[in-house]
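See structure below.
In my numbering, the protein residues as written are 539 to 652.
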């Protein structure tokens, strides 16, 4: 599904990553981070298109894309997931200190997942 959405975004200038929102405040970036199934080049494209706005946006439980990437990494530590985490932290270093609705930062979530 994600690959289909991103392919359509890349070929259709009328739709942007930022315009695609799912129920609960989930953007394409949130879904990509949680699922961790995008190849790294496609993730780079989604991240670039999403810009800072979606990287800071929380879904209905208060999690940023970085929080969701931590959850995704705990479930599958694929090489693309590791690259995704590194890319998010490099692009948005302030996100490591952002708390979610439960009061956890991504760093604290990673510590609990280990």
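Idealized CB from N, CA, C, for every residue including glycine. Every value quoted in this text rests on a predicted model; they were computed, and no experiment measured them.
Around the beta-carbon of residue 639, fewer than 16 other beta-carbon atoms lie within 10 Å, marking it exposed. Judged by beta-carbon spacing, residue 623 lies within the 8 Å limit of residue 611, meaning their Cβ atoms are closer than that value.
Non-local beta-carbon contacts of residue 602 in its own chain, meaning distances under 6 Å to residues more than five positions away in sequence, involve 596, 633, 636 in chain order. DSSP places residue 644 in the uninterrupted alpha helix (DSSP H) bounded by 644-651.
Secondary structure of residue 565 (DSSP, three-state): strand. At the C-beta level, residue 607 and residue 584 stay beyond 8 Å of one another.
Under the three-state reduction of DSSP output, residue 580 falls in the helix class. In the structure shown, residue 607 falls within a helical segment according to DSSP collapsed to helix, strand and coil. Taken through DSSP and simplified to helix, strand or coil, residue 596 comes out as coil.
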